[in-house]
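Below is one structure; the comments refer to it alone.
Residue numbers (the working numbering): 731 to 1389.
Encoded structure:
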């Protein structure tokens, strides 16, 4: 029990030397305190701004752990903020343990002493401690209302059972104490325990300052455990573990039926004004609503705070940013216009194609096929010549970024460029193009390379669903044994890579092999053909490979026409291959001789079933003609002959088709 010289007869602590509230300190129950070192300055200032936005009258005490933080906060002169340096509250016991504890462990240790100091120094009745990475989305009066007549306010973790058993049932990031008997008893007990031991390493069933809180409801009276889902919402209870419904109405963000009051942006790393790690403990998929309504407003606040700091201390901002390389981020967020477009969809698809003059019409038709089915995609178009670049640029297409091949080329590529045909060099460029996009666009977490003569008949969603957590996505050729012996088991015309270590290793390996050798003629000595035969080795050399055998993904003449063992039909405007929806078809080796005449397969005569012509080739040819009309209209191109197949005058089609 607390000694009688501290408590009055009514159980209320007697403090004869309390400082009276001066004109700068508001008389209110909205009293908050926070601990900040230089690495938390941005977040603590954002916390202050959120209080200022949602709370008319409040006090925020900031305990500064270093001289830079104190200097910066003093220069900013934030309204309703009261600064104190950590040395003010340190005594011999704290100074002794400070030497042996890591900075984060000492910040945990100092929480209870800070709250105790403020309650015993100032004429205030209650104090809410906040971690620096909290941010208010509505009036904190909800906390006071729920707290009511209780002495202590606790927030449950609402995490997995094993996590709570290890790290604690309650959150030490938001906790309230009143200046009454039970509030001060529990506060002093917590302070003593943290002085005895407070480590980031779990030991004897304890963890940091937090696991001690498990004992509060058992040891002390008048402890309130919050039931409000919007108070101290956090990644571990709102993004994963629970299936809470999170919505936005005109007034507020709701977690189930509770308005979001304060969110805990734990484990969020700030690299600069655009680069963030939203969850540094691992890769975390965050729902679109949470990104748009919770994280982005917070990042906007952080960006605004950066400008404030630059205005008063231009050289000081670097002290507030993470020194770790952003490439090590687990849940990387690159705050760019493209990223904000991506955020509007739960799923977003990233495609890359290589476009030369001869494939301009087909490549644009591929783009239009995607645009017709979905809008949640972006396509990088690498133009191999200036004519293609200028024409695509003039079209003002949405959802695209146009690259010139020169932006990607390096000495290795330029060295082999003149030794190879355009087709061979385009094959050589596939891996470097994918590398360029994944390395230079931080918001992109995957890329799907497509040959320009592909066409999407359905939403590409099944590709990502099948790809799932695998590093790369491969499609089986599903061709004859002889075809696969020469050309390979897998198709290089549709291949996907993730932005992760294993995938990037595979991509670099493929790049090096293609630079070394990439011929359109089968090499018996090395057993290689183009860029494609190398793919046979990937499942043997690397792990975590998705190999799709879906007949509707990358269907093509070599597996649908030449093998002649699949059925093609149409149900409710959807083309079906066997029992699968046709997602994407590869019109390989098809020539567009002019707007009316085509060679469906230039290599040899084949027998095309009428169902394949009617449901696959005819719709594609009609779209090619439509693209031609768009080029004439939008680019004022009167003569499209340069963009048709380059063939001799006496060319005889192997599989002619006219419309």
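All C-beta atoms in this analysis are idealised placements derived from N, C-alpha and C, irrespective of residue type, glycine included. Owing to the predicted nature of the structure, the values given are computational and were not obtained by experimental measurement.
Comparing alpha carbon positions, the residue from 1118, 1267 and 1071 closest to residue 1105 is 1071.
Ranked by Cα distance from residue 960, the first of 1117, 1020 and 1254 is 1020.
For residue 793, the enclosing beta strand (DSSP E) has its first and last residue at 789-794. Here the segment 1139-1154 does not lie against the segment 1271-1282, with fewer than 3 beta-carbon pairs under 8 Å apart. Annotated as distal: residue 1264 and residue 1225, with beta-carbon spacing of 7 Å or more.
The segment 845-879 contains, as complete beta strand (DSSP E) runs of 3+ residues, the segments 856-860 and 864-866 (chain order). Excluding its 5 nearest sequence neighbours in each direction, residue 784 has C-beta neighbours in its own chain below 8 Å: 866, 867, 868, 869 and 870, listed in chain order.
Taking 7 Å as the cut-off, the Cβ atoms of residue 1100 and residue 1186 count as close.
In this structure residue 1160 is buried. Its beta-carbon is surrounded by 16 or more other beta-carbon atoms within 10 angstroms. For the segment 1080-1104, not one full-length beta strand (DSSP E) segment reaches 3 residues or more. The Cβ atoms of residue 801 and residue 767 lie no closer than 7 Å to each other. Here residue 1219 is buried. Its C-beta has 16 or more other C-beta atoms within 10 Å. For residue 792, same chain residues with a beta-carbon under 7 Å away, outside a window of 5 residues either side, are 764, 766, 774, 803, 811 and 813 in chain order. Going by beta carbons, residue 1079 and residue 1192 fall outside the 7 Å limit.
DSSP, read as helix, strand or coil, puts residue 1109 in strand. Under DSSP, residue 1316 takes part in a beta bridge, and its partners are 1184. For residue 812, the uninterrupted beta strand (DSSP E) run begins and ends at 811-815, by DSSP. Uninterrupted beta strand (DSSP E) stretches at least 3 residues long and entirely within the segment 1313-1371 occur at 1314-1316 and 1327-1329, given in chain order.
Comparing C-alpha distances from residue 1155 to each of 1329, 1144 and 1165 shows the shortest one belongs to 1144. Judged by beta-carbon spacing, residue 776 lies beyond the 7 Å limit of residue 1026, meaning their Cβ atoms are not closer than that value. For residue 1203, the uninterrupted beta strand (DSSP E) run begins and ends at 1202-1205, by DSSP. Inter-residue distance for residue 1351 and residue 1373 is about 15 Å (C-alpha atoms, whole angstroms). For residue 759 against residue 874, the beta-carbon gap comes to about 6 Å, under 8 Å, which counts as contact. If you compare the alpha carbons of 918, 1208, 927 and 882 with that of residue 826, the shortest gap goes to 927. Here residue 1176 carries a strand assignment [DSSP, helix/strand/coil]. The alpha-carbon separation between residue 1113 and residue 1134 amounts to approximately 5 Å. CA-to-CA, the gap between residue 828 and residue 816 works out to about 11 Å. A Cβ-Cβ distance of about 13 Å is found for the pair residue 905 and residue 761, leaving them out of contact under the 8 Å criterion. Counting only residues of its own chain and dropping the five nearest sequence neighbours on each side, residue 1121 has a CB closer than 6 Å to the CB of 1365. With a beta-carbon spacing of about 6 Å, residue 1167 and residue 1082 fall inside the 8 Å limit used to define contacts. Beta-bridge analysis with DSSP links residue 954 to 883. The Cβ atoms of residue 954 and residue 1009 lie no closer than 7 Å to each other. With a cutoff of 7 Å on beta-carbon distance, residue 964 and residue 930 are scored as not near each other. For residue 862, the closest of 947, 1032 and 898 by C-alpha to C-alpha distance is 1032.
Within the DSSP secondary-structure output, residue 979 pairs in no beta bridge. As the crow flies, the alpha-carbon of residue 1331 is around 7 Å from that of residue 1384.
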